[in-house]
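J.:
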Amino acid sequence: MTNVAIACQGGGSHTAFTAGVLDEVLPWLETHDCELVGLSGTSGGAVSAVAAWSGYLTGGAQGACEVLRDIWADVVVSNPLERAVNDWVVWGLEAHANGAPVPTFSPYALPWADFGRQRFLDVLERHVDFEDFESLVTPETPELVIGTVDVEAGEFETFHNADVTAEAVLASSAIPELFEAVELHGHAHWDGLFSQNPPIHELMSVDAARKPDELWIVQINPQTVEEVPTTLGDINDRRNELAANISLNQEVRFIERVNDWIEAGDLSDERYATVEVRKIVLGRRFGYSTKFERSREFVDELMDEGRETAAGFVDEIEADLHGVENH
836 MTNVAIACQG GGSHTAFTAG VLDEVLPWLE THDCELVGLS GTSGGAVSAV AAWSGYLTGG
896 AQGACEVLRD IWADVVVSNP LERAVNDWVV WGLEAHANGA PVPTFSPYAL PWADFGRQRF
956 LDVLERHVDF EDFESLVTPE TPELVIGTVD VEAGEFETFH NADVTAEAVL ASSAIPELFE
1016 AVELHGHAHW DGLFSQNPPI HELMSVDAAR KPDELWIVQI NPQTVEEVPT TLGDINDRRN
1076 ELAANISLNQ EVRFIERVND WIEAGDLSDE RYATVEVRKI VLGRRFGYST KFERSREFVD
1136 ELMDEGRETA AGFVDEIEAD LHGVENH
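Printed below as a string of C-alpha cells:
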C-alpha cells in the first residue's frame, strides 16, 4: 500500500484546475493500492482541499468528487450583478497592473466587501458541514491542513482537521486588496499565499504509519517562463508567480535534501523514509487578474484541463509501475 498526500497550491479561480485534478486522481487512488493520507491547501487550493476532504470522509472518492463539482458550480457568478462586479474587478486589476491610473480602494471602504465575504461563507457552508468534522475525524482519516498568515505577528499559521472552519478557509483566501482581515483566535489573518503555499511540512509531521510515501503537488503558478517579461503587466504577472512559488520551492528542497541524507546514510533508513515528490502542473499561463475570473466558461475550462492533465499524470505512473514489474 502506497501512502499518498496531495498539496494544493493557491491561485484564486485558477484552482478550478485543482478541482479537476482531484476529480480524476482520487478515484484512481482507490483502485490502485494507494491510500490518501493527507490533503493540504492554501487560498483557492484550500477550498478544493476542504471540499475533497469533507466529501471523502463521508463518501470516499466518489463523495469527494461530488462535493468538489458542487462547490465549484456554486463559486461561479450567478446573476447579472455578480457578473458586473466580477468584470469590474478583473478589468481594474488588469488595468492597474499595466500602469493605468485606475482608482483603488481599501476593502474596508468597499460597499460590497461584506457581501463578498458572506457569499464566500455561504458557498462553503452550503456544501461542507464543518460542525461534523470533529465526529468524523479518527486516527485513520487523512490529515487536512489549511494555510493562513497571522497579519500582526507576521507568522504562518495552519489549521488542522476538526479545527478547520469556514472562517479559516475564508482567511486562507482573504486577499488583502479585496477582503478585510479575518479574525481567528483573537488575531487577524490574511491569504495563505503569504505563508506556506501550500502547507507541506505538516503533511510530513504525522505518525510513521500515516507518513506519505509520495507527495503530489498541484502547482498553479508556472515555475519557468520562455522569455524575460518586459511590459509592466507581464512584469507584475511574473512577480506574482515568483512570490507564490517561494515557499513551495523551499519546502520541496528540504524534502529532497532529507532524501539525499537518507540515501547517503547520514540518516537512519529505519527511522526515516524517502518521499517521492511529483507535480501536477497547470500547463498554461494566465494573467494575474484572471485569478478573480468566475465565469462558468472559465471555471469549466480549467476543471476540464485539470482532469485531462491528471489523466496523463496517472498514466505516466502506471507506465513506470509496469516498467518496474517487467524489469
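Under our numbering, the very last position in the sequence shown is 1162; numbers go up by exactly one each time.
Just so it is clear, CB atoms sit at the ideal spot from N, CA and C, and this is done for glycine as well.
Here the structure is a predicted model, which means the values were calculated and not measured.
Given this structure, state the Cα-to-Cα distance separating alanine 886 from alanine 1043, to the nearest angstrom.
T.: 26 Å
J.: My assumption, with CB atoms under 8 Å, is that valine 910 sits in contact with leucine 871. Please give the rounded CB distance.
T.: Rounded, the Cβ-Cβ distance is 23 Å, inconsistent with contact.
J.: Quick check: proline 1034 and valine 980, are their CB atoms within less than 8 Å of each other?
T.: Closer than 8 Å, so yes.
J.: Could you tell me whether the Cβ atoms of glutamate 978 and glycine 873 are closer together than 8 Å?
T.: Judged by beta-carbon spacing, glycine 873 lies within the 8 Å limit of glutamate 978, meaning their Cβ atoms are closer than that value.
J.: Between the alpha carbons of histidine 1162 and phenylalanine 955, how many angstroms are there, rounded?
T.: For histidine 1162, the predicted structure reports a pLDDT of 46, less than 50, and the residue's modelled location is therefore unreliable. A value from the coordinates is still provided. Rounded to whole angstroms, histidine 1162 to phenylalanine 955 spans 51 Å at the Cα level.
J.: On the premise that glycine 845 lies in contact with asparagine 1032, defined as a C-beta separation below 8 Å, what is that separation, rounded to the nearest angstrom?
T.: Right, the Cβ-Cβ distance comes to about 5 Å (below 8 Å), so this counts as a contact.
J.: Going by DSSP, name the residue or residues bridged to lysine 1114.
T.: Ile1052
J.: If you draw a straight line from the alpha carbon of methionine 836 to that of glycine 898, how long is it in whole angstroms?
T.: 22 Å
J.: Please specify which runs of the alpha helix (DSSP H), each continuous and at least 4 residues long, are wholly inside the region 1025-1081, giving them in chain order.
T.: 1036-1039
J.: Classify alanine 851 as buried or exposed, calling it buried when 16 or more other Cβ atoms lie within 10 Å of its own Cβ.
T.: Burial call: buried.
J.: From the DSSP secondary-structure annotation, give me the bridge partner or partners of leucine 1019.
T.: DSSP, once it has assigned bridges, lists His1022 as partnering leucine 1019.
J.: Let me check you understand the geometry: is the CB of glutamate 1061 closer than 7 Å to at least one non-hydrogen atom of the ligand SAH?
T.: The ligand SAH is not part of the structure shown, which contains no ligands of any sort.
J.: In terms of residues, what are the limits of the alpha helix (DSSP H) holding aspartate 985?
T.: Where aspartate 985 is concerned, there is no enclosing alpha helix (DSSP H), although the beta strand (DSSP E) it sits in stretches over 978-985.
J.: Consult DSSP for asparagine 914 and reduce its assignment to one of helix, strand or coil.
T.: coil
J.: Rounded to a whole number of angstroms, what is the C-alpha to C-alpha distance between phenylalanine 1121 and leucine 1083?
T.: 19 Å
J.: With distance defined between alpha-carbon atoms, name the residue in Arg1073, Gln1058, Thr983 nearest to alanine 1003.
T.: Thr983
J.: Among Val1112, Glu992, Arg1131, which residue has its Cα nearest to the Cα of glutamate 917?
T.: Arg1131
J.: Are the beta-carbon atoms belonging to leucine 1013 and proline 942 less than 8 Å from one another?
T.: yes
J.: What is the C-beta distance between leucine 795 and tyrosine 891, in whole angstroms, given that I count them as a contact (C-beta under 8 Å)?
T.: Within the shown structure, residues of the chain are numbered from 836 to 1162, placing residue 795 beyond reach of any answer.
J.: Tell me which residues share the same chain as cysteine 900 and place their Cβ nearer than 6 Å to its Cβ, disregarding the 5 neighbours each side in the sequence.
T.: Asp858
J.: According to DSSP, is histidine 1162 helix, strand or coil?
T.: Residue confidence for histidine 1162 is low, a pLDDT of 46 falling below 50, so the modelled location carries little weight; the figure read from the coordinates is stated next. Of the three classes helix, strand and coil, the one that applies to histidine 1162 here is coil, per DSSP.
J.: In whole angstroms, what is the alpha-carbon distance linking serine 1007 and lysine 1126?
T.: 15 Å
J.: Is isoleucine 1010 helix, strand or coil when you go by DSSP?
T.: coil
J.: Could you tell me which of Leu1050, Thr993, Trp1051, Pro1064 sits nearest to serine 1030, measuring between CA atoms?
T.: Thr993
J.: Does the beta-carbon distance from alanine 854 to methionine 1039 come in below 8 Å?
T.: no
J.: For a test of the three-state rule: what should DSSP assign to alanine 1001, helix, strand or coil?
T.: helix
J.: With DSSP as the reference, label glycine 895 as helix, strand or coil.
T.: helix
J.: What does the alpha-carbon distance come out to for the pair alanine 881 and glutamate 1143?
T.: Cα-Cα distance, rounded: 21 Å.
J.: Which residues in the same chain have their Cβ closer than 6 Å to the Cβ of valine 924, if we skip the five residues on either side of it in sequence?
T.: Phe1127
J.: Pick helix, strand or coil for glycine 1147, following the three-state DSSP scheme.
T.: In the structure shown, glycine 1147 falls within a helical segment according to DSSP collapsed to helix, strand and coil.
J.: For histidine 794, name the three-state secondary structure that DSSP assigns.
T.: In this structure the chain extends from 836 to 1162, so residue 794 is not present and cannot be described.
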